[in-house]
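The block underneath contains the structure these notes are about, expressed in structure tokens.
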Amino acid sequence: MNEEGIKFGGFIQDIIEEDIASNRYGGRVHTRFPPEPNGYLHIGHSKAICIDFGLAEANGGLCNLRFDDTNPSTEDVEYVESIMEDIRWLGFDWDDRLYYASDYFDQLYEYALQLIRKGLAYVCDLSAEEIREYRGTLTEPGRNSPYRDRSVDENLDLFERMRKGEFPDGSRTLRAKIDMASPNIVMRDPVLYRILRVPHHRTGDKWCIYPTYDYAHPLSDAIEGITHSLCTLEFEEHRPFYDWLLEVLEIPQPPKQIEFARLNLTYTLTSKRRLRRLVEDGYVSGWDDPRMPTLRGLRRRGYTPESIRTLCERVGVAKANSVVDYAFLEHCLREDLNKRALRAMVVLRPLKVVITNYPEGQVEEFETENNPEDPSAGTRKVPFSREIYIERDDFMEDPPKKFFRLAPGREVRLKSAYYITCQEVVKDPSTGEIVELRCTYDPESRGGMTPDGRRVRGTIHWVSAAHSHKAEVRLYDHLFLTEDPEEGGDFIANLNPNSLEVLTDCRIELALAEASVGDRFQFLRHGYFVVDPDSTEDRLVFNRTVSLRDTWQKIKDKS
RNA sequence: UGGGGCGUAGCCAAGCGGUAAGGCACGGGACUUUGGAUCCUGGAUGCGCAGGUUCGAAUCCUGCCGCCCCAGCCA
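Just so we're aligned, residue 185 is where the first sequence starts under the numbering used here, counting upward by one.
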């Protein structure tokens with residue numbers, strides 16, 4: 185159950201409850217998260233992680249981390265470490281239950297021998313192309329391999345020699361003997377082992393034959409005592425083989441595979457190949473570019489693991505393919521950050537304001553809350569002086585109807601400070617650009633309120649010119665212009681040319697100067713920001729994680 | 001054209017024969033020293049379509065339609 189009282193896990197939780205009630209696994213619940221170490225984890229994986237770890241935890245069970253490392257030609261240790269780091273970051277823990285499918289290569293080999301002895305597996309000399317030809321098509325049955333009826337002894341001998349490296353790569357395979365006419369193509373004598381002379385990142389050159397996923401996965405589950413093997417929809421047609429294997433091998437209390445729909449988000453790509461293209465062709469700065477949907481990218485962008493977990497819980501678990509609104513993730517993020525992020529005043533595009541009736545050289549300090557949502561976050565002092573910076577967007581020379589900010593002759597409140605009224609607009613005589621505003625303040629409005637109780641609609645943020653630091657701020661937007669990045673067939677064409685805007689002349693209030701990498705803040709009236717690792721001793725760099733909801737923008741858009 | 005799966009508001013998603021939860025998004029309004037947050041408030045006479053069973057169907061039956069997945073010695 186989550187905070188809304190909604191059950192997490194949908195139909196899978198129902199199945200688990202039934203199994204507990206019927207004592208199917210002696211009341212045990214044991215899942216596993218089985219990543220292949222051939223890439224970085226992305227937002228899509230987080231749903232599987234939340235389901236695998238979350239459902240085990242919710243039912244008093246355990247979840248193993250198991251690297252599905254059965255294909256050394258695409259895998260690498262480099263990914264093992266990053267995957268573990270990302271899972272921990274999300275907040276899940278596998279304790280001492282870290283496994284690798286490769287841990288079971290010996291046992292898997294023994295099981296293969298058993299299959300051969302039972303007459304349920306054979307060594308096939310067909311080439312990859314021939315196997316494909318013999319397999320038939322979606323509508324036509326396949327044909328039996330001419331090697332299908334070899335004797336048990338011959339198969340045993342050949343398989344042994346495959347293992348010893350007597351045959352070249354790809355020359356032979358071990359196949360299950362099931363049914364070449366099955367309407368389910370997976371059941372048409374699937375390949376169990378292939379010859380591959382590639383050193384494995386864990387077993388080195390001990391093996392030159394490697395098990396396929398179809399063969400290794402059910403058995404790895406069985407060996408670990410997994411009860412519920414949760415995976416995505418595309419493995420549904422593999423389930424008959426999963427069950428077949430465990431049955432013919434007479435595995436007691438066989439685990440059950442249950443499939444659910446993967447998480448898709450609008451404006452987001454999760455295909456490994458495509459993400460790689462973005463990185464390799466330089467469309468983003470790397471796998472941790474803040475615009476990437478990888479967990480390292482989201483982390484650098486400032487997303488909280490809690491927000492991602494919340495999204496996964498709220499999105500639910502079902503079997504219908506779906507695409508979740510990216511706005512839903514942003515909602516979860518804002519909700520989390522709103523409660524936790526300290527507030528700060530930062531002027532992104534500075535416009536100088538001179539308060540003409542404020543004594544030169546005078547400095548006052550105003551107290552302001554660190555987080556209005558959390559009184560325990562306390563308050564801080566912000567220095568105020570005669571020259572300040574405000575946001576260029578907070579001034580309009582000829583404002584439209586509902587503009588509540590500064591304009592000639594208009595009064596606004598400077599957050600936690602004074603009311604000021606714009607008396608004069610100073611422009612660069614050659615360009616016409618507004619370079620400075622000359623305003624007056626009302627000494628009676630100290631702290632942001634006047635004795636006469638006069639109403640001021642607009643409150644804007646500011647920073648004292650002499651008491652602020654320069655900083656760089658990177659504004660991010662969706663990486664793609666279209667909800668479906670694949671729209672039109674070419675995702676590169678849908679890239680958002682303005683997904684990154686770098687602002688180098690921002691002014692941050694003093695309190696921010698001591699922030700360190702990874703610290704998150706709410707810049708008042710702008711959004712949530714995080715300190716980027718590119719920051720240096722004398723120059724902080726912030727990434728905009730997500731903007732605040734902007735109803736002014738909507739009002740503007742309407743008119 | 002074989003097999004498997006799925007179709008409840010713009011997007012997720014409850015519901016499991018008794019008369020359509022909830023969230024996001026969107027629209028009103030209140031409040032507000034963040035045009036933030038918060039709080040009210042609005043939306044399916046309808047559950048892919050068509051028949052049927054039943055006093056009663058999103059829920060059961062039949063037929064149709066649409067979308068997704070499968071022909072790697074990838075996972």
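Glycine included, C-beta positions come from ideal geometry on N, C-alpha and C.
Where in the segment 572 to 637 do unbroken runs of the beta strand (DSSP E), each at least 3 residues long, occur, reported from the N-terminal end onward? 595 to 598, 603 to 611 and 618 to 626
Helix, strand or coil, according to DSSP, for I435 in the structure here? What you label residue 435 is simply residue 251 of the first sequence in a count that begins at 1. Three-state DSSP puts I435 in coil, outside helix and strand.
Buried versus exposed call for T676 [16 or more other C-beta atoms within 10 Å across all chains shown]: Within the first sequence, residue 676 is the residue found at index 492, counting from 1. Strictly speaking, residue 676 in this sequence is Ile, with Thr absent from that position. I676 should be labelled exposed.
Let me make sure I understand the geometry here. Which of K390, A296, N339 and R493 has the alpha-carbon closest to that of H226? For this step, residue 226 is matched to residue 42 along the first sequence. Nearest of K390, A296, N339 and R493 to H226, Cα basis: R493.
Any idea what DSSP makes of T416, helix, strand or coil? The residue you call residue 416 lines up with position 232 of the first sequence. Of the three classes helix, strand and coil, the one that applies to T416 here is strand, per DSSP.
Pairwise C-alpha distance: V566 and R527: Residue 527 sits at position 343 when you count from the first residue of the first sequence. Residue 566 sits at position 382 when you count from the first residue of the first sequence. If you take the alpha carbons of R527 and V566, they lie about 12 Å apart.
Using only CA atoms, which one of K740, L684 and R639 lies nearest to V657? Here residue 657 is taken as the residue at index 473 of the first sequence, counted from 1. The residue with the shortest Cα to Cα distance from V657 is L684.
Mapping DSSP to helix, strand and coil, what is P424? Taking the first residue of the first sequence as position 1, residue 424 is located at position 240. Note: P424 maps to helix in three-state DSSP.
Check each candidate in V596, F425 and D473 and name the one with the smallest Cα separation from L663. Here residue 663 refers to the residue found at position 479 of the first sequence. The residue with the shortest Cα to Cα distance from L663 is D473.
Could you tell me which of P395, V382 and C516 sits nearest to V375, measuring between CA atoms? Translated into positions along the first sequence, residue 375 becomes position 191. The shortest Cα separation from V375 among P395, V382 and C516 belongs to P395.
Helix, strand or coil: which one does DSSP assign to E187? Start at 1 with the first residue of the first sequence, and residue 187 comes out as number 3. Caution is warranted here: a pLDDT of 43 is assigned to E187, below 50, making its placement in the model unreliable, and the coordinate value is therefore given only provisionally. Three-state result, E187: coil.
Examine the Cβ distances between the segment 218 to 225 and the segment 263 to 272 and report whether three or more of them are shorter than 8 Å. yes
Within 8 Å, strictly: CB atoms of Y573 and V596: As a working mapping, residue 573 is identified with position 389 in the first sequence. As a working mapping, residue 596 is identified with position 412 in the first sequence. For Y573 and V596, no; Cβs fall outside 8 Å.
If you run the structure through DSSP and keep just helix, strand and coil, what is H226? The residue labelled residue 226 in the question sits at position 42 within the first sequence. Reduced to three states, the DSSP call for H226 is strand.
According to DSSP, is F684 helix, strand or coil? Reading the first sequence from its first residue, position 500 is the one you call residue 684. Per the sequence presented here, residue 684 reads as Leu, with Phe not at that position. Here L684 sits in strand by DSSP.
Can you tell me which of the three DSSP states V276 falls into? Counting from one through the first sequence, the residue named residue 276 turns up at place 92. Here residue 276 is Phe; the residue named in the question, Val, does not match the sequence. F276 falls in the coil class under three-state DSSP.
By DSSP's criteria, P395 is part of a beta bridge. Which residues make up the other side? Your numbering for residue 395 matches position 211 in the first sequence. In DSSP, P395 forms a bridge with Y377.
So what's P218 in DSSP terms, helix, strand or just coil? Counting from 1 along the first sequence, the entry for residue 218 is found at position 34. P218 falls in the coil class under three-state DSSP.
N-terminal and C-terminal residue of the alpha helix (DSSP H) that N522 is part of: Position 338 of the first sequence, counted from the first residue, corresponds to residue 522. Its alpha helix (DSSP H) spans residues Y510 to R524.
Below 8 Å, can you find three or more Cβ-Cβ pairs linking the segment 593 to 610 to the segment 716 to 733? no
Give every residue of the same chain whose Cβ lies closer than 7 Å to the Cβ of I739, excluding the five residues on either side of it in the sequence, and list them in chain order. As a first step, residue 739 must be located in the first sequence, where it is residue number 555. Here the set comprises K586.
Contact the segment 204 to 219 vs the segment 232 to 250: 3+ CB pairs below 8 Å: yes
Rounded to the nearest angstrom, what separates L479 and E265 at their Cα positions? Locating residue 479 in the first sequence gives position 295, where the first residue counts as 1. Locating residue 265 in the first sequence gives position 81, where the first residue counts as 1. Rounded to whole angstroms, L479 to E265 spans 13 Å at the Cα level.
Residue from D337, A365, V261 and D373 whose Cα sits closest to the Cα of I315: The residue labelled residue 315 in the question sits at position 131 within the first sequence. If we check each option's Cα against that of I315, D373 comes out closest.
Quick check: what's the CA-CA separation for R483 versus R461? The residue given as residue 483 occupies position 299 in the first sequence. The residue given as residue 461 occupies position 277 in the first sequence. The alpha-carbon atoms of R483 and R461 are separated by roughly 21 Å.
Between the C-alpha atoms of Q441 and D341, what's the straight-line distance to the nearest angstrom? Locating residue 441 in the first sequence gives position 257, where the first residue counts as 1. Locating residue 341 in the first sequence gives position 157, where the first residue counts as 1. Rounded to the nearest angstrom, the two C-alpha atoms are 33 Å apart.
From S700 to Y660, what distance separates their C-alpha atoms? For the purposes of this step, residue 700 is taken as residue 516 along the first sequence, with counting starting at 1. For the purposes of this step, residue 660 is taken as residue 476 along the first sequence, with counting starting at 1. Roughly 20 Å between the two C-alpha positions.
Helix, strand or coil at N339 [DSSP, three-state]: By one-based count along the first sequence, residue 339 stands at place 155. Three-state DSSP puts N339 in a helix.
6 Å CB neighbourhood of L694 in its chain, flanking five on each side removed: The count along the first sequence starts at 1 and reaches residue 694 at position 510. Closer than 6 Å at Cβ, skipping near neighbours: H651.
I362: beta carbon under 7 Å from a heavy atom of the ligand COA? Summarising the ligand content, the structure contains no ligands, and the ligand COA is consequently not present.
Ordered along the chain, which non-local residues of its own chain (more than five positions away) have a Cβ less than 8 Å from that of Y451? By one-based count along the first sequence, residue 451 stands at place 267. Same-chain partners within the cutoff: Y510, H662, L663, F664, T666, E667 and P669.
For D309, which residues of its own chain have a beta-carbon under 6 Å away from its beta-carbon, when the five flanking residues on both sides are left out? Within the first sequence, the letter at position 125 stands for residue 309. Here the set comprises Y331 and R356.
Check the C-beta distance from H769 over to D253 and give it rounded, since I have them as a contact under 8 Å. As shown, the chain starts at 185 and ends at 743. That puts residue 769 outside it, with no answer to give.
Return helix, strand or coil for S731, following the three-state DSSP convention. Working through the first sequence from its first residue, we reach residue 731 at position 547. Strand.
With a threshold of 16 other CB atoms inside 10 Å of the CB of A400, please say whether the residue is buried or exposed. Against the first sequence, residue 400 aligns to sequence position 216. It counts as buried.
Would you call the segment 235 to 250 in contact with the segment 201 to 215, where contact means no fewer than 3 C-beta pairs closer than 8 Å? yes
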